[in-house]
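K.L.:
The opening position of the sequence shown corresponds to residue 1165 in this note's numbering, with each subsequent residue numbered one higher.
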Amino acid sequence: MTVVHPIKLAWITNGGTGAQNYDEFADDAEITDIIKGNPHSALAVEMPHLAPESLGKSFLESLPDAVVRLQRDQAEEKYRQAEHVVVLYRITAPGEAPAYGLWSMVETGQISTSADEPGLVIRNEDVFISKVRERVALAESVGALLSPVLLLQTGRGEELHAALAEATDAAGEPAATDVDASGRTHAIWPVGPGDLQDRLLALAGGGELVVADGNHRSLAAQTGGLERFLAVVTTPASVFIQPYNRLVSELPASLDELLGRLRAAGATVTELPRVAQLPAKGTIELYAAGRSFAVRLPSDPAGTSVENLDHALVERILLRDSLGLDAGDKRISYIGGDYPVEWLCGEVDAGRAELAILIAPVTVDDFVEVNLERLKLPRKSTWFTPKARGGLVVADIR
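Structure below.
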């Protein structure tokens, strides 16, 4: 039997509710601006404290506002109901091959975080528990899941990719489309009970499913006691990994002190005659006070493959040991691949940050190796593109 199931009661968008997931932004003000421009954006429910009329309230204080907004959108027919469906998903953009996925529900009990924990859903990244608690509280308040976990089908990915491509080509006009900020078009087609649904579910659940995006959302489903969580099951041919960089808003030490501490820790530090840029694997680049540096952080010969990833070395040697910052420190911002290097350096030049840390993206080979070993990646180390868009398919969990 498959571990992937239909959505018992889904709310399918009629358009205008789609949004980037709540954790894809570098600045909360961006979310407020999006909601101001479109009050029906799923972000108004997902991040209720950032809606213009709720500013000043905490996340928990704003949860009643989230309930009202979702009920309003349903009453105003921004969504329509569908029962026992899966939803075909296709993302297209000029110059890119189409990406495919299947909206569905996946068994929470199948989540595995270590080699001795059985399960077909592999979660591979450390999380911030405060973010998990917020997701649990939101789901309990609104009785629905608006953002999916993106799962990579590793066992029958090629078959699933071909089946989804064939199904979407034959499905006619989509039930709804949504265009994101990068110009990608997100299209969906609900599929009710029948042979096609059964075949797609079998393929989607036909091998190990790796969490590519949504580690916090999957843990929230476990913490909240949900039997199933909302997911988009996608294929390896549909995604690629972009950089995941860091900004430090305030340095606890001077730049020269930081460089000295890095050298004392065994790092090789070289000042560059150019502005910092995205480095190759094995080296990071720093930008601060108009100066750029290439830094090779020392690996641990006795460490695991994860412990010697660039993102792990940054967290351990640069942030923790050299700056005394815990990974969850509010002075650290985790900046995904939608923001170019020029933007990060611009934040430093504008005085909104003191240090930009540029890190080569985790390779697909590294990602696969880590998951096969059932090890956890450092927090915020893989930025998969394209991402599933929130607010297109909502799962009612009441």
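Glycine included, C-beta positions come from ideal geometry on N, C-alpha and C.
1. For Q1184, does the three-state DSSP call read helix, strand or coil?
2. Figure out for me which residue from K1172, S1413, A1190 has the closest Cα to the Cα of P1357.
3. Exposed or buried, what is R1287 when buried is set at 16 or more other beta-carbons lying within 10 Å of its beta-carbon?
4. Whose CA, out of T1166, R1425, R1516, E1271, lies closest to the CA of Q1386?
5. Is the distance from the Cβ of A1552 to the Cβ of V1355 below 7 Å?
6. Excluding the 5 residues flanking R1460 on each side, which residues of the same chain have their C-beta closer than 7 Å to its C-beta?
7. If the criterion is Cβ atoms closer than 7 Å, does the pair S1456 and A1440 meet it?
8. Using beta carbons (cut-off 7 Å, strictly below), is Q1238 in contact with chain C?
9. Who pairs with T1256 in a beta bridge, going by DSSP?
10. Give the range of the alpha helix (DSSP H) segment to which D1359 is assigned.
11. By the three-class DSSP mapping on this structure, what secondary structure does A1190 have?
12. Using the DSSP secondary-structure output, state which residues sit across from A1215 in a beta bridge.
13. In the DSSP assignment, find the unbroken beta strand (DSSP E) run with A1466 in it and report its ends.
14. Residues in the same chain with beta-carbon distance under 6 Å from S1402, minus the five sequence neighbours each way, listed in chain order, please.
15. Since I believe L1367 is in contact with E1323 (beta carbons under 8 Å), could you give me their beta-carbon distance rounded to a whole number of angstroms?
16. Can you tell me where the alpha helix (DSSP H) with R1297 in it begins and where it stops?
17. Are the CB atoms of G1554 and A1206 nearer to each other than 7 Å?
18. Using C-beta distances below 7 Å, list every residue in its chain close to G1347, excluding the 5 sequence neighbours before and after it, in chain order.
19. Excluding the 5 residues preceding and the 5 following L1310 in the sequence, name in chain order all residues of the same chain whose CB lies nearer than 7 Å to its CB.
20. Can you check whether the CB of L1487 is closer than 7 Å to the CB of P1400?
21. Report buried or exposed for Q1317, applying the criterion of at least 16 other Cβ atoms within 10 angstroms of its Cβ.
22. List the whole-angstrom C-beta distance separating S1276 from H1169, where the pair is believed to meet the contact cut-off of C-beta under 8 Å.
23. Determine the contact status of L1284 and V1375, defining contact as a CB-CB distance below 7 Å.
24. Taking 7 Å as the cut-off, decide whether the C-beta atoms of A1130 and I1499 are in contact.
25. For P1282, count neighbouring C-beta atoms within 10 Å of its own C-beta (all shown protein chains included) and say buried if the count is 16 or more, exposed if not.
26. Got a sec, what are the start and stop residues for the alpha helix (DSSP H) A1444 sits in?
27. Assuming contact is defined by CB atoms lying nearer than 7 Å, are A1351 and P1338 in contact in what I supplied?
28. Look up E1322 in the DSSP assignment and say whether it is helix, strand or coil.
29. With the cut-off set at 7 Å, would you say V1505 and L1442 are in Cβ contact?
30. What are the partner residues of Q1406, as DSSP defines its beta bridges?
31. Have a look at the DSSP bridge pairing and note the partners of D1377.
32. At what residues does the alpha helix (DSSP H) containing L1541 begin and finish?
33. Output the distance between the C-alpha atoms of R1480 and R1410, rounded to the nearest integer angstrom.
34. Express the C-alpha separation of G1467 and H1204 in angstroms, rounding to a whole number.
35. Based on the DSSP secondary-structure assignment, which residues constitute the bridge partners of Y1503?
36. Kindly indicate which three-state DSSP category W1276 falls into: helix, strand or coil?
P.N.:
Walking through what the data contain:
1. On the sequence shown, position 20 is the one that residue 1184 refers to. Under the three-state reduction of DSSP, Q1184 is assigned to coil, being neither helix nor strand.
2. Taking the sequence shown and counting its residues from 1, the one referred to as residue 1357 is at position 193. Distances from the CA of P1357 to each of K1172, S1413, A1190 were compared; the closest alpha carbon is that of K1172.
3. As a first step, residue 1287 must be located in the sequence shown, where it is residue number 123. If you draw a 10 Å sphere on the C-beta of R1287, you find 16 or more other C-beta atoms in it, and that means buried.
4. In the sequence shown, counting from the first residue as 1, residue 1386 sits at position 222. Looking at the Cα atoms, E1271 is the closest of the given residues.
5. Counting from one through the sequence shown, the residue named residue 1552 turns up at place 388. Counting from one through the sequence shown, the residue named residue 1355 turns up at place 191. In terms of Cβ geometry, A1552 and V1355 do not form a close pair [threshold 7 Å].
6. Residue mapping note: residue 1460 aligns to position 296 of the sequence shown, counting from 1. Excluding positions up to five away in sequence, the list reads A1431, T1432, G1446, T1447.
7. Indexing the sequence shown from 1 puts residue 1456 at position 292. Indexing the sequence shown from 1 puts residue 1440 at position 276. Yes, the Cβ-Cβ distance between S1456 and A1440 is below 7 Å.
8. Among the chains in the structure shown there is no chain C, since it carries only a single protein chain.
9. Translated into positions along the sequence shown, residue 1256 becomes position 92. In the DSSP assignment, T1256 forms a beta bridge with T1349.
10. Against the sequence shown, residue 1359 aligns to sequence position 195. D1359 -> alpha helix (DSSP H) spans 1359-1368.
11. The residue you call residue 1190 lines up with position 26 of the sequence shown. Here A1190 sits in coil by DSSP.
12. Counting from 1 along the sequence shown, the entry for residue 1215 is found at position 51. In the DSSP output, where bridge partners are listed per residue, A1215 has none listed.
13. The residue you call residue 1466 lines up with position 302 of the sequence shown. For A1466, there is no enclosing beta strand (DSSP E), as DSSP gives it neither H nor E.
14. For the purposes of this step, residue 1402 is taken as residue 238 along the sequence shown, with counting starting at 1. Excluding its 5 nearest sequence neighbours in each direction, S1402 has C-beta neighbours in its own chain below 6 Å: A1263, Y1264, listed in chain order.
15. Counting from one through the sequence shown, the residue named residue 1323 turns up at place 159. Counting from one through the sequence shown, the residue named residue 1367 turns up at place 203. The pair is a contact, with the Cβ atoms about 5 Å apart (cut-off 8 Å).
16. Position 133 of the sequence shown, counted from the start, is the residue given in the question as residue 1297. Annotation for R1297: the continuous alpha helix (DSSP H) segment containing it runs 1293-1306.
17. For this step, residue 1554 is matched to residue 390 along the sequence shown. For this step, residue 1206 is matched to residue 42 along the sequence shown. Their beta carbons are under 7 Å apart, which means G1554 touches A1206 by this criterion.
18. As a first step, residue 1347 is located in the sequence shown; it is residue number 183 there, counting from the start. Answer for G1347: A1257, listed in chain order.
19. In the sequence shown, the residue the question calls residue 1310 occupies position 146. Taken in chain order, the residues that qualify are A1206, V1209, E1210, G1554, G1555, V1558.
20. Walking along the sequence shown from the start, residue 1400 turns up at place 236. Walking along the sequence shown from the start, residue 1487 turns up at place 323. Not a contact, by the Cβ cut-off of 7 Å.
21. Position 153 of the sequence shown holds residue 1317. Per the 10 Å Cβ criterion, buried.
22. Indexing the sequence shown from 1 puts residue 1276 at position 112. Indexing the sequence shown from 1 puts residue 1169 at position 5. Cβ-Cβ separation between S1276 and H1169: approximately 18 Å, too far for a contact (criterion under 8 Å).
23. Within the sequence shown, the letter at position 120 stands for residue 1284. Within the sequence shown, the letter at position 211 stands for residue 1375. A distance of 7 Å or more separates the beta carbons of L1284 and V1375.
24. It is not possible to answer for residue 1130, since the shown part of the chain is limited to 1165 through 1562.
25. Within the sequence shown, residue 1282 is the residue found at index 118, counting from 1. Exposed.
26. Counted from its first residue, the sequence shown places residue 1444 at position 280. Counted as a single uninterrupted DSSP element, the stretch harbouring A1444 is not any alpha helix (DSSP H), since DSSP gives it neither H nor E.
27. What you label residue 1351 is simply residue 187 of the sequence shown in a count that begins at 1. What you label residue 1338 is simply residue 174 of the sequence shown in a count that begins at 1. Yes, they are a contact pair.
28. Stepping through the sequence shown from its first residue, residue 1322 is reached at position 158. Judged by DSSP in its simplified three-state form, E1322 adopts helix.
29. Position 341 of the sequence shown, counting from 1, holds the residue named residue 1505. Position 278 of the sequence shown, counting from 1, holds the residue named residue 1442. Yes, Cβ-Cβ distance for V1505 and L1442 is below 7 Å.
30. As a position in the sequence shown, residue 1406 is number 242, starting the count at 1. Answer is W1547.
31. Taking the sequence shown and counting its residues from 1, one reaches residue 1377 at position 213. BP columns for D1377 point to L1314.
32. Along the sequence shown, one-based indexing puts residue 1541 at 377. First-last for L1541: undefined, no H or E at that position.
33. As a working mapping, residue 1480 is identified with position 316 in the sequence shown. As a working mapping, residue 1410 is identified with position 246 in the sequence shown. The straight-line gap from Cα to Cα measures roughly 14 Å.
34. Taking the first residue of the sequence shown as 1, we reach residue 1204 at position 40. Taking the first residue of the sequence shown as 1, we reach residue 1467 at position 303. H1204 and G1467: Cα-Cα distance of roughly 48 Å.
35. The sequence position of residue 1503 within the sequence shown is 339, counting from 1. Note: Y1503 sits in no beta bridge, so no partner.
36. Residue 1276 sits at position 112 when you count from the first residue of the sequence shown. As written in the sequence, residue 1276 is Ser, which differs from the Trp given in the question. DSSP places S1276 in strand when its eight states are reduced to three.
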